[in-house]
Amino acid sequence: MVRAMDDHSPALVADELSLSYGPVRALDGLSLSAERGAVTALLGPNGAGKTTAISCATGLLRPDGGTVRVLGSDPWRSGPEHRARVGVMIQDGGLTSGASAMQLLRYGASLHASPLAVDEVAEHLGIDSFARTLVRRLSGGQRQRLALALAIIGRPDLVFLDEPTAGMDPSIRRRVRELIRGLAHTGTAVVLTTHLMDDVVGLADAVRVISRGRVLASGSVQDVISDHRSASGAVVVQATAAGVDPGVVPALEADLRAAAARHGAQLEITSGGAADLETVLLDLMDEDRGEATAGPGTSVPTAATEGDS
């Protein structure tokens, strides 16, 4: 069932956030938003500031400057009722090791007024296959599934997912993707961090590329790819060929390249897929590192001390 929205404003709005750990600037004027009923992916290298930004959004850290609003409220000042509307999945994030997987999931469900059906969630994520296993004996992928289940069991309006498919086999990864997409369809705002570009391309409605505590690029996957190529001097022409026999695709590409050559241009065929997005991310990171070392006083230290994913 699709839940009634409080309003049409974004679930998360961060504006000019700044935060430092001593001399290390983890957030440097970071601004981003995440819409309700959509999946927003935060991308960037380790130490980019993603985990620090999420910690500010969940009220675990108080930024030095700027503002953050989660479901219309300041998370730092919000009470238990607000926090119950926000789910958080952190890698290996403090799961009680002496309980069994199902005991912990049932306990998590008991903390909410209207939780999801525990048995259905456990079956969908395959937790029922290790339901009686103590958490401390679970594999990395099994702990990930349990952490995901705990993050969503309370029907959150906004959920933060950290590497939700890490360490999972392909069949379980597909189930997790279906579950995440289903959450968004019911109105939940999903914010995920991942290094797996296939997850981003398959799930994300919006992408925010973060480096050195600020947003470098923002938009849909295709927007980020196209905008980067346009900024680098490339003319981006998008076209969709319908009803084409796969067998003639090489000939079609050759015809397109020949047409480009007649105009003195080189044609690069892109799919807007994981490989293209990864290339753009690498380019953006290289450019940002170049800016950081371009001259005196321009370098911002990487926030390596935060253990950011």
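Residue numbers for the sequence shown follow full-length UniProt numbering, beginning at 1 and rising by one.
C-beta atoms are modelled at their ideal positions from N, C-alpha and C, and glycine is treated no differently.
Give the secondary structure of residue i by DSSP, where H, G and I count as helix, E and B as strand, and everything else as coil.
i: residue 225; result: helix
i: residue 89; result: strand
i: residue 141; result: helix
i: residue 67; result: strand
i: residue 33; result: strand
i: residue 286; result: helix
i: residue 15; result: strand
i: residue 96; result: coil
i: residue 189; result: strand
i: residue 40; result: strand
i: residue 111; result: coil
i: residue 10; result: coil
i: residue 202; result: helix
i: residue 244; result: coil
i: residue 181; result: helix
i: residue 168; result: coil
i: residue 124; result: helix
On the criterion of 16 or more Cβ atoms from any shown chain inside 10 Å, does residue i qualify as buried, or is it exposed?
i: residue 248; result: exposed
i: residue 8; result: exposed
i: residue 282; result: exposed
i: residue 72; result: exposed
i: residue 173; result: buried
i: residue 211; result: buried
i: residue 209; result: buried
i: residue 114; result: exposed
What does residue i pair with, by DSSP beta-bridge criteria?
i: residue 210; result: 215
i: residue 133; result: In DSSP, residue 133 forms no bridge with anything.
i: residue 25; result: 20
i: residue 73; result: 70
i: residue 158; result: 86, 189
Kindly indicate which residue of the options has the alpha-carbon position closest to the one of residue i.
i: residue 197; options: 274, 292, 177, 118; result: 274
i: residue 86; options: 161, 16, 61; result: 161
i: residue 63; options: 40, 21, 95; result: 21
i: residue 157; options: 185, 174, 143, 144; result: 185
i: residue 207; options: 15, 50, 155; result: 50
i: residue 215; options: 107, 288, 151; result: 288
i: residue 131; options: 106, 178, 220, 260; result: 106
i: residue 56; options: 84, 27, 230, 82; result: 27
i: residue 46; options: 259, 128, 213, 88; result: 213
i: residue 163; options: 141, 36, 129, 171; result: 141
So, are the CB atoms of residue i and residue j less than 8 angstroms apart?
i: residue 200; j: residue 280; result: no
i: residue 205; j: residue 38; result: yes
i: residue 135; j: residue 99; result: yes
i: residue 133; j: residue 101; result: yes
i: residue 183; j: residue 159; result: yes
i: residue 104; j: residue 95; result: yes
i: residue 65; j: residue 76; result: no
i: residue 84; j: residue 191; result: no
i: residue 189; j: residue 14; result: no
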